[in-house]
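Accompanying notes for the structure given below.
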Amino acid sequence: RGAHCGVVNMGISGNRLLRDGRGTAAVDRFDRDIASVPGVTHLILLEGINDIWRSSTPGEPAVGAADLIAGYRRIIDMAHARGIRVIGGTMTPGWGSKYLSRDMEQVRQKANQWIRKGGGFDAVIDFEAALRDGESPPAIRKSFDSGDKLHPGDNGYEAMGRAVPLSLFQPPPS
64 RGAHCGVVNM GISGNRLLRD GRGTAAVDRF DRDIASVPGV THLILLEGIN DIWRSSTPGE
124 PAVGAADLIA GYRRIIDMAH ARGIRVIGGT MTPGWGSKYL SRDMEQVRQK ANQWIRKGGG
184 FDAVIDFEAA LRDGESPPAI RKSFDSGDKL HPGDNGYEAM GRAVPLSLFQ PPPS
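So for the sequence shown, this note's numbering puts the first residue at 64; every next one is plus one.
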């Protein structure tokens with residue numbers, strides 16, 4: 064009650080964590096898109112799936128979990144230097160899509176395991192758990208799928224929103 068909260072969505076369709084794609088790489092746009100927002104206190108970082116699948120295209124270097132983790136650490140360090148809490152979002156499931164091979168799925172799972180248990184993030188939102196079908200490897204639940212087995216549809220985005228514990232954004236006790 065009486066608290067004010069604003070949300071700034073700086074997501075870019077097709078964006079990548081480590082390299083430019085449809086926009087500037089997330090590691091290179093931190094100052095412009097996050098640090099420049101007045102009063103910013105928290106960042107939810109949900110990046111990496113486009114790095115993984117794009118690494119299979121000609122001319123693109125391979126991307127492993129260690130590469131993604133280094134990118135996450137870079138953003139975490141920049142944010143912490145400015146007093147911003149960083150909440151890691153696990154990459155959503157995509158098994159069965161044309162975008163992920165078995166090797167790529169292993170990279171996704173290793174990176175997600177680090178997001179959950181690596182200790183780098185101040186908190187974690189498990190978007191994979193919110194959308195997965197319960198199989199192994201996990202696919203996006205049919206009712207949450209946009210049709211390509213990778214991107215959530217409206218119901219999927221609603222499930223992701225419901226997976227965000229608002230308590231993560233409470234101001235620290237005074």
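Beta carbons are placed, not taken as given, at the ideal position from N, Cα and C, and that holds for glycine.
Going by CA-CA distance only, name the one from ARG179, MET141, ASP96, PRO124 that's closest to VAL70.
-> Ranking ARG179, MET141, ASP96, PRO124 by Cα distance to VAL70 puts ASP96 first.
Mind checking who GLY102 pairs with in its DSSP beta bridge?
-> In the DSSP assignment, GLY102 is bridged to no other residue.
Whose C-alpha, out of GLY111, ALA174, TYR220, PHE93, is nearest the C-alpha of ASP140?
-> In terms of Cα proximity to ASP140, the closest of GLY111, ALA174, TYR220, PHE93 is PHE93.
Taking 8 Å as the cut-off, decide whether the C-beta atoms of LYS212 and ALA226 are in contact.
-> The answer is no: Cβ separation not under 8 Å.
Beta-carbon separation (whole angstroms), PHE207 vs ALA222, contact threshold 8 Å = Contact holds; Cβ gap of about 6 Å.
Mind reading off the beta-carbon distance from GLY111 to MET73? Whole number of angstroms is fine, and I expect it under 8 Å.
-> Contact between GLY111 and MET73 does not hold, since their C-beta atoms are separated by about 16 Å, which reaches or exceeds 8 Å.
List the endpoints of the continuous beta strand (DSSP E) containing GLY134.
-> GLY134 -> not in any beta strand (DSSP E); alpha helix (DSSP H) instead, spanning 128–144.
For the putative contact between LEU80 and VAL90, defined by C-beta atoms under 8 Å, what is the C-beta separation to the nearest angstrom?
-> Cβ-Cβ separation between LEU80 and VAL90: approximately 6 Å, consistent with a contact (criterion under 8 Å).
Segments of 4+ residues assigned as alpha helix (DSSP H) that fall wholly inside the segment 145–231 | You should have 165–180, 190–194, 217–225.
Going by beta carbon distance, what residues of the same chain come within less than 7 Å of ARG250, once the five residues before and after it are set aside?
-> There is simply no residue 250 to check, as the chain begins at 64 and stops at 237 in what is shown.
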